[in-house]
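Each residue of the sequence shown is one higher than the one before, counting from 49 in my numbering. Beta carbons are placed, not taken as given, at the ideal position from N, Cα and C, and that holds for glycine. Some notes on the structure that comes next.
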Amino acid sequence: MILLVSVSFYPENSPRSFRATELAKELCRQGHKVLVAGLDIPGEGNTQRQRLLEEYGIQWFSLGSGDWSTLYERWQQGGRISSLVARLLGYFGEFPSIEWYFKIPKRLVIPDDVVAVISIAKPFAVHWGLSRLAKRGALKDRVWVADCGDPFMLSTLNVRKVPFYFSYLEKAFCRRCDFIVTPTEGGYKGYYSEFWDKIKVIPQGFNYEEERVKLGEYTENEVLTFVYAGAFLHKGRNPAALLKVLSDSEVDFRFYIYTQQQYLVTPHIKPGDSRFIVRGIIPRDEIMQEMRKADFLINMMNGTKVQMPSKLIDYFIVDRPVLNIEDDGLYGGERLVLTQFLARDYRSKFEFKNMEAYRISNVCKGFVELLECK
49 MILLVSVSFY PENSPRSFRA TELAKELCRQ GHKVLVAGLD IPGEGNTQRQ
99 RLLEEYGIQW FSLGSGDWST LYERWQQGGR ISSLVARLLG YFGEFPSIEW
149 YFKIPKRLVI PDDVVAVISI AKPFAVHWGL SRLAKRGALK DRVWVADCGD
199 PFMLSTLNVR KVPFYFSYLE KAFCRRCDFI VTPTEGGYKG YYSEFWDKIK
249 VIPQGFNYEE ERVKLGEYTE NEVLTFVYAG AFLHKGRNPA ALLKVLSDSE
299 VDFRFYIYTQ QQYLVTPHIK PGDSRFIVRG IIPRDEIMQE MRKADFLINM
349 MNGTKVQMPS KLIDYFIVDR PVLNIEDDGL YGGERLVLTQ FLARDYRSKF
399 EFKNMEAYRI SNVCKGFVEL LECK
């Protein structure tokens, strides 16, 4: 049996949830017994999850609920002092995700027939908690693969430098795990060089056929329509320059922006400019349908080869032209390409390469090869 430890799982709408869910499904398809240790959710979400678990034969181990997340949200919405406490704990104590550093070694009981473990971050506290179990000998004679979508200590996208003492937790789990998995070739740069020999590259993966059959046909929109869906960052993926160029344009368009970082968007849109439609994140199945209807999509890179947007796989699946922006400043050639796209000229669209590597069957094969190393 393979144990997959992830506090993000279907139907949560996040890259880590997609990673864990698709991997669990494909491992079952390929004949492996899979036990997922994850976070409990209430209501309809739990019903949806149960249907998926039964469909694929995935077993479930409850790690409980994210009690500290609920507390954190309450503090954030409280008065000035409580919100300040929340921010300080978040920075200096990695609160509330640090909860899993304590809960995993306390709650997780690994069945005797488990031969391999895959832990998925973020949060990195999942790895840290499993590291404590490994220290006790709970992972003896079992292969442990630590999957890391983004680096932690050495991330180039951190707004503030991570407190130095978290390096002890990072180095501890890196020493105890057998392999560290990153989704990109340059991902090793986000980790301490002493562990580079453990790093393997396995990209994000999906079942293309299963995904595409859910999508409708595309029909060109009378008014040019394009979409951006995902996170923005202060550094490396800032939309300010793009929004300024679009705001100054006289082209009639509809730009749908789905993001949680609306505070990085709205200050750059002129009041009353109805060409911009800013919305929050919606479930993945819904956003895939919306992207399929668009004339083109916009992708913004991180400004680093260490981390790459996982949304590019979704963009490939919906099969619409992609305007790829490498530089936040939107200089020179990129501004010219934007002008072309606004004229419905997609000759300079982003070219997807080596997409077979992202097919979930191949991604799963990469993990299984690591799990069979002992």
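Worksheet item: Quick one: is Asp88 buried, meaning 16 or more other Cβ sit within 10 Å of its Cβ, or exposed?
Response: Asp88 is classed as exposed because its beta carbon has fewer than 16 other beta carbons within 10 Å across all chains shown.
Item to complete: Return the chain-ordered list of same chain residues with a C-beta closer than 8 Å to the C-beta of Tyr139, the five sequence neighbours on each side being excluded.
Response: Arg208 and Pro211
Discussion item. On the CB-based measure, 16 or more other CB atoms within 10 Å of its CB, does Lys283 come out buried or exposed?
Written reply: exposed
Worksheet item: Considering Gln107, what are the terminal residues of the beta strand (DSSP E) in which it resides?
Response: Gln107 to Ser110
Worksheet item: What residue range is occupied by the uninterrupted alpha helix (DSSP H) comprising Asn94?
Response: It spans Gly91 to Tyr104 - the alpha helix (DSSP H) in which Asn94 sits, taken as one unbroken run.
Discussion item. In the DSSP output, what is Ser195 paired with across the bridge?
Written reply: As written in the sequence, residue 195 is Asp, which differs from the Ser given in the question. In DSSP, Asp195 forms a bridge with Ile168 and Val229.
Worksheet item: Among Lys397, Gly380 and Leu384, which one has its Cα closest to the Cα of Val370?
Response: The shortest Cα separation from Val370 among Lys397, Gly380 and Leu384 belongs to Lys397.
Worksheet item: I think Ser54 touches Gly105, with their Cβ atoms under 8 Å apart; what is that distance to the nearest whole Å?
Response: Not confirmed; about 18 Å, so no contact.
Fill in: Residue from Cys421, Ser295, Phe150 and Glu142 whose Cα sits closest to the Cα of Lys246
Cys421
Fill in: Cα-Cα separation, Ala169 to Gly127
Spanning the two alpha carbons is a distance of roughly 31 Å.
Worksheet item: Since Met336 contacts Asp362 with CB under 8 Å, what's their CB separation in whole angstroms?
Response: 6 Å
Item to complete: To the nearest angstrom, report how far apart Asn372 and Met348 are at their CA atoms.
Response: 6 Å
Worksheet entry | Opening and closing residue of the alpha helix (DSSP H) in which Arg128 lies | Segment Arg128 to Gly141, the alpha helix (DSSP H) holding Arg128.
Discussion item. Suppose only complete runs of 4+ residues qualify. What are the alpha helix (DSSP H) ranges in the stretch 245-301, listed by chain order?
Written reply: Complete alpha helix (DSSP H) runs here, min 4: 256-260 and 288-296.
Worksheet entry | Buried or exposed (CB count within 10 angstroms, at least 16 for buried), Gly238 | buried
Worksheet item: Grouping DSSP H, G and I as helix and E and B as strand, with all else coil, what is Ala85?
Response: strand
Discussion item. According to DSSP, simplified to helix, strand and coil, what is Arg407?
Written reply: Annotated three-state conformation of Arg407 is strand, per DSSP.
Worksheet entry | Where Phe324 sits in the DSSP three-state scheme | Note: Phe324 maps to strand in three-state DSSP.
Worksheet entry | Outcome for Gly197 when other beta-carbon atoms lying within 10 angstroms are tallied against a minimum of 16 | Buried, by the Cβ-count rule.
Fill in: Local Cβ density within 10 Å of Asp333, reported as buried at 16 or more and exposed below that
exposed
Worksheet item: Which residues mark the beginning and the end of the alpha helix (DSSP H) in which Val366 is found?
Response: Lys359 to Val366
Discussion item. Using only the alpha-carbon positions, how far apart do Ile325 and Met339 sit?
Written reply: Ile325 and Met339 have their alpha carbons spaced roughly 14 Å apart.
Worksheet item: Hey, out of Trp176, Asn61 and Val133, whose CA is closest to Lys359's CA?
Response: Looking at the Cα atoms, Asn61 is the closest of the given residues.
Worksheet item: Within the 8 Å Cβ cut-off, does Ile361 reach chain D?
Response: You won't find chain D in this structure, because it holds only one protein chain.
Worksheet item: Expressed to the nearest angstrom, what Euclidean distance is found between the alpha-carbon atoms of Glu142 and Ser56?
Response: 17 Å
Fill in: Nearest neighbour of Phe66, chosen from Glu382, Asp367, Gln252 and Arg395 [CA to CA]
Gln252
Worksheet item: Count the other CB atoms within 10 Å of the CB of Phe415; is the residue buried (16 or more) or exposed (fewer)?
Response: Around the beta carbon of Phe415, 16 or more other beta carbons lie within 10 angstroms, which makes this residue buried.
Worksheet item: How about Lys248 and Phe227: are their beta carbons less than 8 Å apart?
Response: yes
Practice prompt. Using three-state DSSP, classify Met339 as helix, strand or coil.
Written response: When DSSP states are grouped into helix, strand and coil, Met339 belongs to the helix group.
Discussion item. My assumption, with CB atoms under 8 Å, is that Ala134 sits in contact with Trp116. Please give the rounded CB distance.
Written reply: Under the criterion of beta carbons closer than 8 Å, Ala134 and Trp116 do not qualify as touching, at roughly 11 Å.
Item to complete: Using the DSSP secondary-structure output, state which residues sit across from Asn61 in a beta bridge.
Response: Its beta-bridge partners do not exist; DSSP assigns none.
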